[in-house]
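S.K.: Okay, handing you the structure first.
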Amino acid sequence: MPIILPEDPTPIAKVPSTENKTGGWRTFRPVVHYEKCIRCYICWKFCPEPAIFFAPPDKHPAPKEALAKFDTIEINYDYCKGCGICANECPVKAIEMVFEESAGGEE
Amino acid sequence: MMKMILTGNESAAWGARLSRPKVIAAYPITPQTSIIETIAAFIANGEMDARYIRVESEHSAMAACIAAQNTGVRTFTATSAHGLALMHEVLIWASGARLPIVMSVVNRAMAPPWSVWTDQLDTMAERDSGWIQLYTQNNQEVLDSIIMSYKIAEKHNILLPSMVIEDAFILSHTAEAVDIPDQRKVDDFLGEYEPAFKLDPEDPAGFGSLIMPEGPYMEFRYKMALAMEDAKKEIRKVVDEYNETFGRDYQPFIEEYRTEDADAVLLVLGTIGSTAKDVVDRMREKGKKVGVARVRYFRPFPTEDIRALAKKVDMIGVADRSYSFGPGADLFAETRSVLYKHTDIPVKNYVMGLGGRDITPAILEKVFDDMLSVAKEGVADKEIEWVGLHGDERWST
Amino acid sequence: MRKLTIPEEEHMLPGHTACLGCGATIAMRYVLKALGKNTVLSIPACCWAVIPGVYPHRALNVPLLYTAFEVTGAAISGIREALDALGKEDVNVVGFAGDGGTADIGLQALSAAMERGHNVFYIMYDNEAYMNTGIQRSGSTPPGAWTTTTPGGKKRMYKWEPKKSVAEIMVAHNIPYVATATIAYPEDMIAKLRRAKEIKGPKFIQIFSPCPTGWRHPPDKTVEVSRLAVQTNAFPLYEVVNGKYRITVKPKNPKPIKEYLKLQGRFRHLTEEEIARIQEYVNENWKALLKKERCSQED
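Chains as they are written, first to last, in the working numbering: chain A, 615 to 721; chain B, -15 to 381; chain C, 2 to 300.
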């Protein structure tokens, strides 16, 4: 059987880490209560992964009309490690850390 | 074609200049300092176009070269003894990173006792580093070897850093007539540096990341082993090409002198070789059939050439200008290792010249005489001989 | 539509292996947002050498040279000179190293790189210990802290020496730009990075990056701890431009240091008396900084 050698002479890492779904690390998951979310994006700002991304304004209910035109946010549960910074920093406590239900961490 | 009177260090500086590195890391240490001083003068006078980083330690000198080479440019630096030892960590890094850096090393003793004179322990201690190691015996060879080393190392199937080694003071500070090749001819010979990989915002990648035991760590090391073996072919090719282009006659691995019908041959690294040639001639006149084989490349180790040599002679003496505190000094131990089961001629280690102690023709004559008596006996009286220790009457001249 | 206070584009990918709530990843995220894609990073042995993941993964959209521990200053010098030789003077060269690799083993190479004046960024992310090797004390560990090499015990062998100020050492090198920043104030940090980017020469920024694992606080408190460090004057935010100090966040009514210390398990052994001493230490440093600001602004 032929020996399998890397093509590069030295380790050159090119594969995006997005292959590695760190969502499996979670013990708690952040749940967004959209009726409270004022779309300030502080959670997006502080996420260390980042595992928070923008979603179209009408994807989730807005707490009031004036906010309805702003993009909302969603958690990317493939990568969210459940650190809870988003919940801790949210100025209106719209994010709740909930114990991850199933052992596999699936949605 | 221009001939100048140059010291070994000036020759090294010229070798670097002609090879057009773009980044030079410079840190002083006796007896290498005039290499970087000469280069500084070249750059200051507009005769050399290179960025000159006046680093604050040899460790940083090699680290800066690694980073610059990984960015995609040819680099050069120089050091000696404690500077080389200080670089040890990053020497291994440079070879693992497969960067064809070329470095001048002036062989100098390690302290304590504190000595600036010639001794080979500094480079012998780096034989595990993965660097190509080439020992020179005159200033012309110093200059030529730097140019050849870039060409060999930069081949994409080699990509191993190289040290071009010269003896302290005997070469570094001694002037000889040196032919300086024409710059344009060197440009044609070397070509532009074409990196196999480089740091590039257009193509983001991580160089040198963490690897698990089941990741290809062993495989990357195996590739280095293959490269070091492939280097033998490349060395032969490049030396032939250089000889033809620039009118030299280097033998790639071992420079043999009057070994054809020798009873005993002395294997040697560096300038002991040139003294030995004189002694060989003198002894031949007296009817004593001796020869000298000056090893140029220690890495890759010239296994095949040494085995071929052993077939021709009755005894091999190995001169080492360092000691490893093991089964003999390093050139001896490796020579004997490759000859195991290939020959049963006696092989004996002559440890000499440590700390720059002078190896005179008279001493070498005694060494050759000892070798001839071993050849006659067919077996070495002892394996390791320390030559010329104070009070040892056998070697006094 | 969205109103953001920091640049939107990400240059960091999720799937990296940082601990939950890692301050250093937040720091990197902001650094790359400020400097952009035309950047080359040099990272020594430290948490960030492991965070991008195991080969062949990469977690950044910029090239990254992993190096030996103490060489960041030398490596960024080499990269800079090589890029300039290739005519690529516009590429940002950034050394991104921990406090161990900067204040201790990397100080020599950093000092020399700054003295030589290369056009480079050196960013020290300060989690106040050798975190990658498991929380050992560094010169940057603050007084009173528990670490594995200052584990307390019967002799109360905690770290008591003052925190080595690498930023002040950098000011003494007369480089054109020195700043401190922290992750709880991203707009301040990004403004500083942008200001630094305009300057040609050596730039040093120390980014205070709380570490839940090493500081023993819950991972959701990382940003809060960072904020309290500033609000208690434990870690003042300032910049020094050509020798002139400017404090960029001045708490009107600084909170007592206890508020900051009590969130972190690494300080939980402190007696009232020790906390009082630390409060004094913080006060003295703050006063000294105010004096430097006043003096350096005078003509």
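Glycine is no exception: its CB is placed at the ideal position from the N, C-alpha and C atoms. Remember, predicted model here, so these are calculated numbers, not experimental data.
1) If you drop the 5 nearest sequence neighbours on each side, which residues of the same chain put their C-beta closer than 7 Å to that of Ala34/B?
2) Just confirm the distance between the C-beta atoms of Leu(-10)/B and Val162/B, as a whole number of angstroms; I'd bet it's less than 8 Å.
3) Pick from Cys700/A, Cys694/A, Ile666/A, Tyr691/A: whose alpha carbon is nearest that of Asp685/A?
4) Of all the CB atoms in chain B, is at least one closer than 8 Å to the CB of Pro664/A?
5) Is Glu703/A close to chain C, meaning its C-beta is less than 8 Å from at least one C-beta of that chain?
6) With DSSP collapsed to three states, give me the class of Thr149/C.
7) Assuming Asp672/A and Lys635/A are in contact, meaning their beta carbons sit under 8 Å apart, how far apart are those beta carbons, in whole angstroms?
8) Does Pro185/B have its Cβ less than 8 Å from a Cβ in chain C?
9) Determine the closest residue to Glu198/B out of Glu225/C, Tyr56/C, Val41/C, with distance taken between C-alpha atoms.
10) Mind pulling the alpha helix (DSSP H) runs of 4 or more residues that sit fully within the stretch 659 to 692 of chain A?
11) So that I know if they touch, is there some Cβ in chain B lying closer than 8 Å to that of Glu82/C?
12) If you count every other CB in all the chains shown that lies within 10 Å of the CB of Gln53/B, and 16 or more means buried, which is it?
13) Could you have a look at Trp216/C and say whether DSSP puts it in helix, strand or coil?
14) Would Pro620/A pass as an interface residue toward chain B - the criterion being a Cβ-Cβ separation below 8 Å?
15) Note down the Cα distance separating Ser18/B from Tyr36/B, rounded to an integer number of angstroms.
16) In its own chain, which residues sit with a C-beta less than 7 Å from the C-beta of Lys38/C, not counting the 5 before and 5 after it?
17) Mind checking who Pro644/A pairs with in its DSSP beta bridge?
18) Does the count of Cβ pairs from the stretch 71 to 89 of chain C and the stretch 44 to 63 of chain B closer than 8 Å reach three?
19) In the DSSP output, what is Glu369/B paired with across the bridge?
20) Say whether chain C places a C-beta atom closer than 8 Å to the C-beta of Leu194/B.
21) Quick one: is Thr624/A near chain C, going by C-beta distance under 8 Å?
22) Please go through the same chain and pick out, in chain order, the residues whose beta-carbon is closer than 7 Å to the beta-carbon of Arg217/C, but skip the five residues on each side of it.
23) Any residues in the stretch 54 to 68 of chain C with a beta carbon nearer than 9 Å to a beta carbon of chain F? Which ones, in chain order?
24) To the nearest whole angstrom, what separates the beta carbons of Cys700/A and Phe660/A, a pair I think is in contact under 8 Å?
25) For a cutoff of 8 Å on Cβ pairs, would you count Met(-12)/B as touching chain C?
26) What separation, rounded to the nearest whole angstrom, lies between the Cα atoms of Phe435/B and Arg280/B?
27) Between which residues of its own chain and Val263/B is the CB-CB distance below 7 Å, once the five residues before and five after are set aside?
28) Kindly give me the distance between the Cβ atoms of Phe118/B and Ile149/B, rounded to whole angstroms, as I take these residues to be in contact under 8 Å.
29) What number of angstroms, rounded off, separates the C-alpha of Asp214/B from the C-alpha of Gly22/C?
30) Tell whether a beta-carbon distance below 8 Å holds between Phe205/C and Tyr126/C.
31) What is the DSSP secondary structure of His374/B, counted as helix, strand or coil?
32) Please classify Pro311/B: is it buried, with 16 or more other beta-carbons within 10 angstroms of its beta-carbon, or exposed?
33) What residues in the stretch 629 to 642 of chain A have a beta carbon less than 8 Å from any beta carbon of chain C?
34) Could I get the ranges of all uninterrupted alpha helix (DSSP H) runs contained in the stretch 94 to 182 of chain B, with 4 residues as the minimum, in chain order?
35) What are the start and end residues of the alpha helix (DSSP H) that includes Met29/C?
36) On a Cα-Cα basis, can you pick out the residue from Asn254/C, Tyr239/C, Thr233/C, Tyr282/C that is closest to Lys263/C?
M.R.: Well, looking at it:
1) Close CB contacts of Ala34/B within its chain, under the 7 Å cut and outside five residues either way in sequence, are with Pro5, Lys6, Val7, Ile8, Ile27 (chain order).
2) Confirmed, about 5 Å.
3) When the alpha-carbon of Asp685/A is set against those of Cys700/A, Cys694/A, Ile666/A, Tyr691/A, the nearest one is in Ile666/A.
4) Chain B contact via Cβ: absent.
5) Answer yes: the Cβ-Cβ gap between Glu703/A and chain C drops below 8 Å somewhere.
6) The answer is coil: DSSP assigns Thr149/C none of H, G, I, E or B.
7) The pair is not a contact, with the Cβ atoms about 28 Å apart (cut-off 8 Å).
8) By this cut-off, Pro185/B is an interface position.
9) Checked all of Glu225/C, Tyr56/C, Val41/C; the closest Cα to Glu198/B is Tyr56/C.
10) If we require 4 residues or more, the stretch 659 to 692 of chain A turns out to have no alpha helix (DSSP H) run fully inside it.
11) Closer than 8 Å to the CB of Glu82/C there is at least one CB belonging to chain B.
12) Counting other Cβ atoms within 10 Å of its Cβ, Gln53/B reaches 16 or more and is therefore classed as buried.
13) Three-state result, Trp216/C: helix.
14) Output row for Pro620/A: interface = yes.
15) Answer to the nearest angstrom: the Cα atoms are 15 Å apart.
16) Residues of the same chain with a CB within less than 7 Å of the CB of Lys38/C, apart from the 5 flanking positions on each side, are His12, Asn62, Val63 in chain order.
17) Pro644/A is bridged to Met711/A.
18) They touch, by the three-pair rule.
19) Tyr334/B, per the DSSP bridge assignment.
20) Judged by the 8 Å Cβ criterion, Leu194/B is in contact with chain C.
21) Any Cβ of chain C closer than 8 Å to the Cβ of Thr624/A would place that residue at the interface, and such an atom is absent.
22) Within the same chain, Cβ atoms closer than 7 Å to the Cβ of Arg217/C are found at Gln265, Gly266, Arg267, the five residues on either side in sequence being excluded.
23) In summary, chain F is missing from the structure at hand, where the protein chains are A, B and C.
24) About 7 Å separates the two Cβ atoms, so the contact holds.
25) Residue contact with chain C for Met(-12)/B: absent (no Cβ-Cβ distance below 8 Å to any residue of chain C).
26) The structure shown does not extend to residue 435/B, since chain B spans only -15 to 381, so no value can be given for it.
27) Result list for Val263/B: Pro345, Leu348, Glu349, Phe352, in chain order.
28) Going by the sequence as given, residue 118/B is Leu instead of Phe. Confirmed, Cβ separation roughly 6 Å.
29) Looking at the two C-alpha atoms, the distance is approximately 49 Å.
30) Remark: C-beta atoms of Phe205/C and Tyr126/C do not approach each other more closely than 8 Å.
31) His374/B: coil per DSSP, three-state reduction.
32) So Pro311/B ends up on the exposed side.
33) Correct list: Val629, Pro630, Ser631, Thr632, Glu633, Asn634, Lys635, Thr636, Trp639.
34) Complete alpha helix (DSSP H) runs here, min 4: 105 to 108, 123 to 138, 167 to 174.
35) 24 to 36 is the span of the alpha helix (DSSP H), which, as asked, contains Met29/C.
36) When each option's Cα is compared against that of Lys263/C, the closest is Thr233/C.
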